[in-house]
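Structure record follows, encoded as structure tokens.
Number of protein chains: 2
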Amino acid sequence: MINDQNTPRIRTERRDAAKNRQLILDTAHRLFEQFGVEQVSMNQIATEAQIGPGTLYRRYRNKGELCQDLIKDSVDLFFDDIEEYLQENDQVPPNQKLKEILSFFIRFREKKAQLLTGVEEAKSTNPLKSRSKSPLYAELHQILVELFDEMEANENTYSNSAFKADMVLMALSSDSYFFQKDVRGYSPEEILELLSSTLIYTKKGF
Amino acid sequence: MINDQNTPRIRTERRDAAKNRQLILDTAHRLFEQFGVEQVSMNQIATEAQIGPGTLYRRYRNKGELCQDLIKDSVDLFFDDIEEYLQENDQVPPNQKLKEILSFFIRFREKKAQLLTGVEEAKSTNPLKSRSKSPLYAELHQILVELFDEMEANENTYSNSAFKADMVLMALSSDSYFFQKDVRGYSPEEILELLSSTLIYTKKGF
DNA sequence: ATACTAAATGGAGACCTCTCCGTTTGTCAA
DNA sequence: TTGACAAACGGAGAGGTCTCCATTTAGTAT
């Protein structure tokens, strides 16, 4: 899982290709930093990196994939944090764990806001495959489902953990999250509270 | 509210302009019907209608606005239905009313799937103003908030009706709704059940 | 070294969205 | 009628996304 496209490949990546990949990543990073992810076009990246558009699109089918590659490391660290937390706190009640995970994610989202939005936007623009198969989404969904299941273990409701997990992630998508912040005026902390009181603490009053 | 851009305007719409508006609407409707909303470009509409791109964009800033104009009438009917239902059933418990409204909306969404998606997509692509100010969204939100408030009237939770309403609408956005259908494999009825059991029947087991 | 081959490259080009602006055309007042 | 003028028009063009493919080139087997 650690080296996926870095070191040895199925038949090794050509040296020039590897060099170009790094060149693209560096250029994109620099331009994103300077102008903001939103403002930078694939064109611009190609031009700045002095490669043809074809070369760029060959490696990344769209800006989203590029963004994805750029946060890959952060995402890995993020999941490491979660795993560590879960291992050290497996006796904690599941709803508390859930809330903590959401808190982790919100912090992550705040830190990587632009790139995350970049990932999501392209996903929807392009293959219409929704924001489904982003590894981040899928893996996080899996974790949430397990916690929801653990929560409902001693309840009578028929399980809808997968749905709840989708709701949570939906609510924390760029679209929804920034709508809550910018239009509704909530702080990250308030969003966390609203979300947990709405979707996590389902039994009893609150 | 009834005549907004139809009959008398602030200073009447020029006859040629009115004619063109209708021409655009007809052309778009025809092309959408024939090829699907997704597949038809603004360009194509302009060409087919034999008008310059500038003329088209002058009237509709993007495809979303065009779609919006195309479903305006259906939307009005939709709200009429809701209003009628609410007036005839104001003694029914609010959670039941809520569920019924959602059912209305899901049916509407199924019927106007393509145009609705068209509206939402452009909204997010363009002014980044999120899917907020679509009249449909805003008005529906308002109705949901009132019902949630009514529901919580005799409970102790501090009100988060606005948030819940946002969650519901988020869950029924094209993005989320079709994800649930296509990827998770739920039927419209199942989505309705999941949604109500998750967000509406908050008190007690189910 | 040499030839072979699959990967990598770059740029032309198809098609798109959206803006700008010089020109045309209803409309209304004189 | 006849101006005058704001509204409407159309199309050129800037800038994007993404594809295709003829050409180049890095590894590898001989």
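From first to last, the protein sequence lines are chains A and B. Position 128, counted from 1, in the first sequence is what the numbering used here calls 193; the numbers after and before it change by one each time, with no gaps. Position 101, counted from 1, in the second sequence is what the numbering used here calls 166; the numbers after and before it change by one each time, with no gaps. For glycine and all other residues, C-beta sits at the position ideal for the given N, C-alpha and C.
C-alpha gap between residue i and residue j, whole angstroms
| i | j | result |
| --- | --- | --- |
| B:F97 | B:E186 | 15 Å |
| B:M235 | A:G101 | 27 Å |
| A:I110 | A:S241 | 29 Å |
| B:S239 | B:L201 | 13 Å |
| A:R174 | A:L181 | 7 Å |
| A:S168 | A:L142 | 15 Å |
| A:V157 | A:E258 | 19 Å |
| A:S199 | B:D81 | 49 Å |
| B:E130 | B:L264 | 31 Å |
| B:Q152 | B:L237 | 24 Å |
| A:Q207 | A:A178 | 22 Å |
| B:A227 | A:G117 | 49 Å |
| A:E217 | A:E149 | 23 Å |
| B:N160 | B:F170 | 15 Å |
| B:L90 | B:Q115 | 13 Å |
| A:D155 | A:I147 | 12 Å |
| A:P192 | A:R126 | Residue placement at A:P192 is poorly supported in this model, since its pLDDT is 48, which falls under 50; the coordinates are not used for a value here. |
| A:I166 | A:L212 | 10 Å |
| B:S262 | B:Y122 | 44 Å |
| B:V184 | B:Q133 | 6 Å |
Collapsed DSSP secondary structure at residue i in the structure displayed
| i | result |
| --- | --- |
| A:K162 | helix |
| B:T77 | coil |
| B:V157 | coil |
| B:A218 | coil |
| B:Y298 | Missing from the structure shown is residue 298 of chain B; chain B here goes from 66 to 271 and no further. |
| B:K176 | helix |
| B:I116 | coil |
| A:G250 | coil |
| B:Y202 | helix |
| A:S139 | helix |
| A:R210 | Just to set this straight, residue 210 of chain A is Val in the shown sequence, not Arg. Here A:V210 sits in helix by DSSP. |
| A:G183 | helix |
| A:S168 | helix |
| B:V102 | helix |
Proximal chain A residues relative to residue i, where beta-carbon distance stays under 8 Å
| i | result |
| --- | --- |
| B:A227 | R249 |
| B:S241 | D231, M235 |
Buried or exposed (CB count within 10 angstroms, at least 16 for buried), residue i
| i | result |
| --- | --- |
| B:N225 | buried |
| A:T203 | In the sequence under discussion, the amino acid at residue 203 of chain A is Ala, which differs from the Thr named in the question. Exposed, because fewer than 16 other Cβ atoms sit within 10 Å of the Cβ of A:A203. |
| B:V233 | buried |
| A:E103 | exposed |
| A:D231 | buried |
| A:K162 | buried |
| A:T92 | buried |
| B:K84 | exposed |
| A:V286 | Residue numbering for chain A in the displayed model covers 66 to 271; residue 286 of chain A lies beyond these limits and cannot be assessed. |
| B:S106 | exposed |
| A:Q99 | exposed |
| A:Q87 | exposed |
Neighbour list for residue i in chain B, Cβ cutoff strictly below 8 Å
| i | result |
| --- | --- |
| A:L259 | N225, F228 |
Chain-ordered neighbours of residue i on chain B, where CB pairs are closer than 9 Å
| i | result |
| --- | --- |
| A:Q245 | F228, D231 |
Residue range of the unbroken alpha helix (DSSP H) whose run includes residue i
| i | result |
| --- | --- |
| A:F244 | 239-247 |
| A:V233 | 226-236 |
| B:I256 | 253-260 |
Distance cut-off 7 Å: residue i Cβ against heavy atoms of the ligand SAM
| i | result |
| --- | --- |
| B:L201 | For the structure depicted, the ligand SAM is absent and the ligand set is empty, with no information on it obtainable. |
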